[in-house]
Structure formats: structure tokens, C-alpha cells
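Comments concern the structure below.
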Amino acid sequence: MSYVVNAKQATPGQTRLVERAVEDAGGIVVQSWPQIGVVVAHSTASTFRQDVLKNKAAVQSVGATRTVAVSEGTPATADTPRTPGSRGAAAYKKANGQPHLNGFAAGEVFDVAPAADPREGEQWDMAQINADDAHAITDGARSVLVGVLDSGIESTHPDLAPNIDKASSVSCVDAGRPDTSTGSWEPTTSAHGTHVAGTIAAARNGTGIVGVAPNVRMASVKVVNDDGFIYPEYAVCGFVWAAEHGMDVTNNSYYVDPFEFWCDDQSDQAAAKEAVRRAVAYSQKKGVVSVAAAGNSSYDLANKTTDAGSPNDAPKPVKRVINGGCHDIPTELPGVVTVSATTQTEDLASFSNRGLDVIDVAAPGSRILSTYTGGRYALLSGTSMAAPHVAGVAALLVSAHPEYTPEQVVTALREQARDHSCTTLTVGAACVGTELNNSYYGEGIADALKAIS
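Residue numbers for the sequence shown follow our numbering, beginning at 1409 and rising by one.
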């Protein structure tokens, strides 16, 4: 089993004490992050949790990161190198041909075709967020780097190749250990990350489409394994990597598996949630703006009652009662920009999660044309497609205002959004709130032109 063990203090000394507690409990230290006081450990001992917690001076919490045994990579050994410093599952993949990621709607793959003539005229989504007008002024600064935490980016795609920063790219799916070897961060079973990347920064090069910020650079940070899971240790690795490698923005179109909602009153879930929270907070402290998809369950995130899809790595999920202490992560973590999805007519997409004072802004997420593996293009739908529009706008904001802190960027994204009043849906919770801030659109639809004006 894989665990995260959180130190009481995020210091190298405390982290070393946690490592010792892991080893004393019969576990193996797989990866240490002293920057945030988190240790990833593997153990076969049934008493591992209790034994680690005996070190009361150093250990704050410990929790399993999944409900099944570790399957990836080579089994860790005591001398493993360490770097200091979805509804997901195989069942979904079998049914739909794709791993699940937060906000990726089942069956929403259309019109996959080889690259041909430029298709910018088909990008209604860019007009909705005023990106086409923004491009008349700037395509973004080359100095800005966006981390795409996803299933990998096809670096040879003609619309993406000019903007991929290979030196900053990494895979985190080997038990949460960073892997920069050739090909490690390329897509293997999913085109999802490649599609997301095109929306953010497909190059203006006379080929295919144009992204929201077509002159910024992107790093592929692979956090989705071949079965479609994004376990907590993968996400922790991704956020800390972004922090340590100068990324300005990250896009997170997923929820951390195996729980759609991670609950404070469940010890394993609380520990894993804390580890991811620390990683996100650390990245923000280092200057990273985090953007995340709201999710695809037509769920009111402001009024949680049940969770029918967790854990998604079990043979059969068990419906459970949940409460306000249960959160979709990283979407609902402090400081993260939460994005709902709109249609071409600016209605809330029926699949989109919503929630008063949970949704920050909205963006296009229905039948979005973007890059696809094999050098192709495709239409996909989901809040996964909405979030990268906002990540692109954030990249334009940082381009125009490199002096802004992450908090200032988030404030600007919200204040500059185009106000949108409530609309009516027959699916899920009704819209509540005002034109200035409501459960469907947050503070409005993201606006690229205002970001650079």
C-alpha cells in the first residue's frame, strides 16, 4: 500500500524524523518533499499507520493514498533515490475508451481529423472570452511558463511543438517520484492533456488552431497513470515540481483519485488531502497560479450531501453521506481558481458542477476544438476544456503584469470577468446569487482582453 506521512513542521530535520518513523514501522521511503514536510511511503505491514504515529514528536498524520495495492513501476527498495527539496478508473476506460479526468464528459469525442488548413475561424470559444481581440494586442510573453498537470502532451504535434519546454517537463506517475527521462511525460493512453494544451497555447504558426496565449511556453507535468488515475502522491509531485521549476500557472483538469470528495472526518482522506493542500500552498508561495476544472457531475459543490462514485479504484464504489468538510481536490483548495463550463450560447453546460462562492469564473467547455494526439484535432466537452481557457487568460495576465503575485492574478481574473446573470437548467441545482456573483458563473465569464488591457 502507498501512504503519505505528514510532518508536524515542514523542515528538513522534521522530514528526516518522519523518514526514520517510516523505516522503524517497516515501511520504505519512496519520495521525500522536505519543502512541505511530506513523505511518500510503501509498506506491507497491517499496523503501519499505528506504528508510524508512535513518533508523536514528528508525525502529524498518515493516510493511505488509494484502496488497492501499488501497481506501478518497480517495487521501491530501501536505497531508492530520493529528491529532496475520477471517476476514474479502468472501468470508465473500458466503457469509454479514455481514462476519466475531472470534467471530461463521457462520449464527448468528435470529428477527430488530420491537420489541414488553419481552423481558427471554428474557435467560437476564443470569441466568447475575447481572446481574438486580445491577440490583436499580444499573444503573451515568451518568459511565461504554464504547467499542464495532465496525461502528457504530444510534443511532436505541429501546433504544440514550438511551445513545449522539454527541460521543465516531468512524469510523476512512478509512485510520485519525478521522472525526466525521454518520453516519460509524453501521452500513452490518453489524448486529454494534448487537447488541454492546445487551448492554452497552440502556436500561431499557420497550422490548425490558436491557443488563448499562443506565445507562452508549456511544460508537460504527467500526473495521470495509464489506467486513468491521479493519486495524491502524483499531484503532490506535480505541484512541488511546478514550484521548483519556475512555472507561473498550472492547469488542473482532474480531481485527485480515488475519492471524488476527500473528507476531514476520515483519517486516511484527511492526511492525503493535507499533503495535496501543502503542495498547492507551496506552489502558490513560489509564484504559481493554480487553475482547476469544477467537475462534471452537475453537482452543487456548495451543498454536499452524498458521494456515489468513491472510491473509484474499488471493484464497486459505495454510496456515502458527506458534508461540508468533504472537498474535491485540488479544485476546492484555498487559492485555486475554480472554473465552470459554458456552451456556445453562454448557458451553463448541463454537466458542469456549480456552487455559490465555490465557482470563481466560467469559460467555454462544450465541443471545444483543440489539438489531439497523432497530430490531429478534436472536439471535446467538459469543465476540463473550460479550465485551460482560464489558465491561458492567467498566462496573459502574468505576461502583462509580471509583478503580480498569485493572489493578485486570481483577484484580477475574478474582477475582470464579464458579469453574467443566472440562467435556467433542467439538470442539477438551480442557479442562485446575483449577476455579480452566482452559483453558475461565479463572478462571470473570463475575459482575455481585459487581462492585457
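Just so you know, even glycine gets a beta-carbon here, dropped at the ideal spot from N, CA and C.
Leaving aside the five residues that flank Ala1539 on each side, the residues in its chain whose CB is nearer than 6 Å to its CB run, in chain order, Val1620 and Ala1856. Looking at the DSSP output, Asn1846 sits in a beta bridge with Gly1841 and Gly1850. Take the alpha-carbon of Cys1580 and the one of Lys1724: they are about 27 Å apart.
Between Val1438 and Val1467, the C-beta gap is not smaller than 7 Å, which leaves the two residues out of contact. When C-beta atoms of the stretch 1798 to 1807 are compared with those of the stretch 1621 to 1641, three or more pairs fall below 8 Å, so the two segments count as touching. Arg1428 counts as exposed, since fewer than 16 other C-beta atoms from the protein chains shown sit within 10 angstroms of its C-beta.
When C-beta atoms of the stretch 1768 to 1779 are compared with those of the stretch 1527 to 1541, three or more pairs fall below 8 Å, so the two segments count as touching.
Asp1558: member of the beta strand (DSSP E) spanning Leu1553 to Asp1558, first to last residue. Relative to the Cα of Thr1791, the nearest Cα in the group Ala1749, Ala1605, Thr1842 and Pro1742 belongs to Ala1749. For Arg1784, the enclosing beta strand (DSSP E) begins and ends at Arg1784 to Leu1788. Lys1693 and Gly1836 have their C-alpha atoms spaced approximately 36 Å apart. Counting other Cβ atoms within 10 Å of its Cβ, Asn1711 stays below 16 and is therefore classed as exposed.
Arg1585 counts as buried, since no fewer than 16 other beta carbons sit within 10 angstroms of its beta carbon. Short of 7 Å from the beta carbon of Gln1677, and not among the five residues preceding or following it, lie these beta carbons of its own chain, in chain order: Gly1471, Phe1667, Trp1670 and Cys1671. Proximity to Arg1612 across Thr1781, His1543, Ala1418 and Gly1850 peaks at His1543, based on C-alpha coordinates.
DSSP lists no bridge partner for Ala1808. When DSSP states are grouped into helix, strand and coil, Asn1571 belongs to the helix group. Apart from sequence neighbours up to five positions away, the residues of its chain that approach Thr1546 with a beta-carbon distance below 6 Å are Ile1860, ordered along the chain. With a contact defined as Cβ atoms closer than 8 Å, Arg1826 and Gly1852 qualify at about 5 Å.
CA-to-CA, the gap between Gly1614 and Ala1605 works out to about 17 Å. Here the C-alpha atom of Lys1727 lies approximately 14 Å from the C-alpha atom of Cys1734. DSSP places Pro1772 inside the beta strand (DSSP E), whose first and last residues are Val1769 to Pro1772.
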